[in-house]
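Q: Handing you a structure now.
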Amino acid sequence: MLTYAAVFCASLVAAFLLTPLIRNWARRWESLVDTPSAARHVHTLPIPRVGGIAIFLAFLVGVTTAFGFEAGGQLSGTVALSAKFLLPTLAMFILGLVDDIRRLRAGVKFVIEVLIATWFHFTVQGITSLPNPLTGTPIELGIWGLPITVLWLVGISNAFNLIDGVDGLSAGAALFSTLTLAYVAAANGNVPLALLLCALAGGTAGFLKYNFNPATVFMGDCGSLFIGFTLAGLALLYAQKSATTVTVAIPLLAFGLPIMETALSIGRRFLAGKPIFEADRRHMHHRLLAQGYSHRTTTIFLYGLSAFFALMSLLAYNSPNRLLGLILLTLGIVIWIAVQHFGYHEFGEIGRVIQRSLNQRSVIANNIRIHELTESLLGSESFEAFYTHLSKCFEATDFTQVEIHLPLKYAWHVQEHPGFRFARRGALVIATWTAATATEEEDCPVVKLVIPLRFEDGQSGCLELHRSPERPLLFDVNLLFGKLRRVIEQTVSRLPVEAPDPRRLHESFFDSGSTLLPKITRP
């Protein structure tokens, strides 16, 4: 325990002393200062963005301190502290530093990250097997081990980079994750892994003093990529030593906040039809800031979420395997509540899709009925039969009222039908069908869909569909705009009619002019 404390304190003090020196040095160089120019930036003053240099150097100080103790003999013989581990980590740090200075293109940066992760897989440790969650037996990955290893290393590295958008968030989340894994490693007796994690935790904590709101320095890509890659690599070493469901779940839970942010970002961009890697201002911290929370309150709120993920990770470690399902259920509920609080419209649409899926059987049944009834319209031999089939078709929908406007030359001789009431407006006959369940309340909101009708001789009409916007749509409206429209146009054009007699028109119809639907006949 004394060794762990000494390593942590050594890297803590190193970061505490080095961070202001690097910050002041970086201020002299314009290329090392982050100017708030992009719309997604939340800071208002130029701030140095290479604080990750202090974290990296403090980590090396902590590792060097570990060699001064008896445990150093153990460390020197492990893969984790060998050059095989440190060299890929150093490469990822240098990549981030170059990006902080020169702003690499996203594609170039991603390719280099993949190459570094591939290097790690072949020279240090790759993911060779995963546990079967049902039986617990390992599943050998074979050639799939490489892409899964790369996905893990690159994904976690960029996940910590993704949440580095508000003062202290990425460093604080990394501190929760690092301390959680350090505890688990120490409890398992994995001294080398625990000491490395203590060195990283101390460096992160010392840097956080200057990075918390109001921040005077940012860790930059050199810090976030180094922290993410180091944590991902160390977690991989821990999980692959004994690949069980719990050992795999612990790092996933410990990295819960950055993984959640990455999943939400990919998911909402995909749902919105936007490029997955496109930068935007809709991350979790952006959403909280938009709701009126201060920078500090936003960071503390997300710290609480990180602490919750850390707690779930520790519970998974200390609880029997049979409780893992309950832990994951609790986790899912909290994540769902949090997502709702962030107010993402994209995921609100998922709820609508689920609701529509639950109603899909009714939708299919109504669509089939509409298909059958529209086909029966084609067999109509008179306008009376036409109106009868049309009335049955509308009963398969949730419209409260339907008006069909037909040219007078076609429909003048039908003035009564059990399902419709009729009126004349100029050269049109208006047949109105009303649902039996239609409300008579005047203040009930109603939307109207209008489908234009075009007949063979150039005559025109329309179909007006009225429905409540508060009711779910339990049929495919495209059937009405497509198939039903065509069937009405074809049927009306072919039904035999006599030329209208002006005297009978005057006796049968009252010309309503511009008024709405006089009820001259009733069902």
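Take the position in the sequence shown, starting the count at 1, then add 117; the result is the number in our numbering. Idealized CB from N, CA, C, for every residue including glycine.
Could you spell out where the beta strand (DSSP E) holding Lys727 opens and where it closes?
A: With the chain covering 118 to 640 only, the question about residue 727 has no answer from this structure.
Q: One question on the structure: do Leu545 and Leu525 come within less than 9 Å of each other, judged by their Cβ atoms?
A: Against a cut-off of 9 Å, the Cβ pair of Leu525 and Leu545 comes out as a contact.
Q: In whole angstroms, what is the alpha-carbon distance linking Leu174 and Leu263?
A: Approximately 30 Å, taken between the alpha carbons.
Q: Would the beta-carbon of Leu342 fall within 9 Å of that of Asn275?
A: Cβ atoms of Leu342 and Asn275: closer than 9 Å.
Q: Grouping DSSP H, G and I as helix and E and B as strand, with all else coil, what is Phe653?
A: In this structure the chain extends from 118 to 640, so residue 653 is not present and cannot be described.
Q: Helix, strand or coil: how does DSSP classify Thr362 here?
A: Here Thr362 sits in helix by DSSP.
Q: Under three-state DSSP, which class holds Ile487?
A: Correct three-state label for Ile487: helix.
Q: Does DSSP classify Val301 as helix, strand or coil?
A: Helix, per DSSP.
Q: Tell me whether the segment 503–515 and the segment 477–487 touch, counting them as touching only if at least three CB pairs, one residue from each stretch, are closer than 8 Å.
A: Yes, since at least three Cβ pairs between the segment 503–515 and the segment 477–487 fall closer than 8 Å, the two stretches touch.
Q: What ranges does the alpha helix (DSSP H) occupy inside the segment 333–397, keeping only unbroken runs of at least 4 residues that lie completely in it?
A: DSSP runs (the alpha helix (DSSP H)) wholly in the segment 333–397: 337–358, 362–371 and 373–388.
Q: So, for Cys126: in the same chain, excluding its five sequence neighbours on each side, which residues have a beta-carbon less than 8 Å away from its beta-carbon?
A: Only Gly319 meet the Cβ criterion.
Q: If you draw a straight line from the C-alpha of Arg538 to the C-alpha of Ser474, how long is it?
A: If I take the Cα positions, the gap works out to 36 Å.
Q: If you reduce the DSSP assignment to three classes, tell me which class Thr549 lands in.
A: Strand.
Q: Check whether the segment 328–346 and the segment 384–395 touch, using three or more Cβ-Cβ pairs below 8 Å as the test.
A: Short answer: they don't touch.
Q: Mapping the DSSP letters down to three states, classify Pro163 as helix, strand or coil.
A: Correct three-state label for Pro163: coil.
Q: Apart from the five residues on each side of it in sequence, which residues of its chain come closer than 8 Å, Cβ to Cβ, to Thr608?
A: Once the five neighbours on either side are set aside, the close Cβ partners of Thr608 are Leu494, Leu495, Ser497 and Phe503.
Q: Among the residues of its own chain, which have a CB less than 8 Å from the CB of Val267, if the five just before and after it don't count?
A: The answer, listed in chain order, is Val231, Ala234, Thr235 and His238.
Q: What separation, rounded to the nearest whole angstrom, lies between the Cα atoms of Ser287 and Leu258?
A: Computed Cα separation, rounded: 32 Å.
Q: Within the chosen definition, does the segment 452–470 reach the segment 401–410 through at least 3 CB pairs nearer than 8 Å?
A: At 8 Å Cβ cutoff, the stretches touch.
Q: Tell me whether Ile229 sits in a helix, a strand or coil according to DSSP, three-state version.
A: Three-state result, Ile229: helix.
Q: Ile211 to Leu591, Cα distance in whole Å?
A: About 57 Å.
Q: Leaving aside the five residues before and after Pro163 along the sequence, list all residues of the same chain whose C-beta is less than 6 Å from its C-beta, in chain order.
A: The residues are Val150 and Thr152.
Q: Is it right to say Gly350 is buried, meaning 16 or more other beta carbons lie within 10 angstroms of its own, or is it exposed?
A: The residue in question, Gly350, is buried, as its Cβ has 16 or more Cβ neighbours within 10 Å.
Q: Give every residue of the same chain whose Cβ lies closer than 6 Å to the Cβ of Lys509, excluding the five residues on either side of it in the sequence, and list them in chain order.
A: Contacts found: Leu490.
Q: Can you tell me whether DSSP reads Arg662 as helix, strand or coil?
A: The shown model of the chain, from 118 to 640, leaves out residue 662, and the question about it has no answer.
Q: Is the CB-CB distance between Val167 and Ala143 below 9 Å?
A: Contact: yes.
Q: What is the C-beta distance between Ile139 and Ile170, in whole angstroms, given that I count them as a contact (C-beta under 8 Å)?
A: Right, their Cβ atoms sit about 5 Å apart.
Q: Give me, in chain order, the residues of the same chain whose beta-carbon lies closer than 8 Å to that of Thr379; leave out the 5 immediate sequence neighbours on both sides.
A: Gly272, Asn275, Ala276 and Leu279, listed in sequence order.
Q: Determine the DSSP secondary structure at Glu587, reduced to helix, strand or coil.
A: DSSP places Glu587 in coil when its eight states are reduced to three.
Q: Would Gln518 and Ala548 be called neighbours here (beta carbons separated by less than 9 Å)?
A: No, they are not a contact pair.
Q: What's the gap between the Cα of Leu596 and the Cα of His522?
A: Looking at the two C-alpha atoms, the distance is approximately 19 Å.
Q: In this structure, does DSSP put Gln518 in helix, strand or coil?
A: Three-state DSSP puts Gln518 in a strand.
Q: With distance defined between alpha-carbon atoms, name the residue in Leu446, Lys326, Pro375 and Leu507 nearest to Gly345.
A: The shortest Cα separation from Gly345 among Leu446, Lys326, Pro375 and Leu507 belongs to Pro375.
Q: Contact defined as beta carbons within less than 8 Å: I believe Asn330 pairs with Asp284. What is the distance between those atoms, to the nearest angstrom?
A: Indeed they touch by this definition, with Cβ atoms about 4 Å apart.
Q: Could you check where the alpha helix (DSSP H) with Glu501 kicks off and where it finishes?
A: It spans Phe500 to Glu512 - the alpha helix (DSSP H) in which Glu501 sits, taken as one unbroken run.
Q: Tell me the rounded alpha-carbon separation between Val130 and Thr295.
A: Between Val130 and Thr295, the C-alpha separation is close to 17 Å.
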